[in-house]
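*Asks:* Number 29 in this note's numbering belongs to position 25 of the sequence shown; there are no gaps in the numbering.
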Amino acid sequence: MINPQNTDTTTLQASAGFPPVEEDPALQLAYAIAASADERKGGNITLVQVGDVSYLADYFVIVTGFSTVQVRAITRSIESALEQDYNRRPLRVEGQMEGNWILMDYGEVMVHVFMPEAREFYDLEAFWGHANQMLYYPSTPPSGR
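1) Would you list the one or two residues that DSSP bridges to glycine 47?
2) Out of Gly47, Pro23, Ala77, Gly99, which one is the CA nearest neighbour of glutamine 53?
3) Which value, in whole angstroms, describes the spacing of the CA atoms of phenylalanine 125 and aspartate 89?
4) Would you kindly report the start and end of the unbroken alpha helix (DSSP H) that includes phenylalanine 22?
5) Based on the DSSP secondary-structure assignment, which residues constitute the bridge partners of glutamate 98?
6) For a quick check, are the C-beta atoms of alanine 34 and leucine 60 less than 8 Å apart?
7) Chain B beta carbons: is any one of them nearer than 8 Å to that of tryptophan 132?
8) Excluding the 5 residues flanking valine 57 on each side, which residues of the same chain have their C-beta closer than 8 Å to its C-beta?
9) Is leucine 31 buried or exposed, if buried means 16 or more other CB atoms sit within 10 Å of its CB?
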């Protein structure tokens, strides 16, 4: 898995097997989703490039929320940001009532927001271990971090 902290994003993307961000609208959407999840303190945000190994989507964005309230807040934040910035609404959302694992389908990007136990149990990163993966870090970390 690639850790992009303190690395030039364009160079990182090419070396990680990811296309340059400016050339891939689906990757831009995945980054917007990751940034929105980060704003709500989502943990261990991972981008998985599944398009080369599956027809389900081009990317998965996998996020950990540490309470059901936080999991729901992360998904609401993502939905609001994408509707405002990209004029996009999810095609389908599953799991909102339970709040342990919420799946948001944006077509080319699928978002999985898990509670820690569910993320560990389903372990999507291992299941899709043959796909390119990258941990997300904000490009400008907040001061005091």
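We put the beta carbon where it would ideally sit given N, CA and C, even for glycine.
*Replies:* Let's see:
1) The residue labelled residue 47 in the question sits at position 43 within the sequence shown. According to DSSP, residue pairing for glycine 47 in a beta bridge involves Thr68.
2) Here the question's residue 53 lines up with position 49 in the sequence shown. Of the candidates Gly47, Pro23, Ala77, Gly99, the one whose C-alpha sits nearest the C-alpha of glutamine 53 is Pro23.
3) Position 121 of the sequence shown holds residue 125. Position 85 of the sequence shown holds residue 89. Distance between the alpha carbons of phenylalanine 125 and aspartate 89 is about 33 Å.
4) The count along the sequence shown starts at 1 and reaches residue 22 at position 18. Where phenylalanine 22 is concerned, there is no enclosing alpha helix (DSSP H), given that its DSSP letter is neither H nor E.
5) Taking the sequence shown and counting its residues from 1, the one referred to as residue 98 is at position 94. In DSSP, glutamate 98 forms a bridge with Leu107.
6) One-based indexing of the sequence shown puts residue 34 at position 30. One-based indexing of the sequence shown puts residue 60 at position 56. Contact: no.
7) No chain B is present in this structure, which holds just one protein chain.
8) Indexing the sequence shown from 1 puts residue 57 at position 53. Only Trp132, His134, Ala135 meet the Cβ criterion.
9) Translated into positions along the sequence shown, residue 31 becomes position 27. Classification of leucine 31: buried, given that the 10 Å Cβ count is 16 or more.
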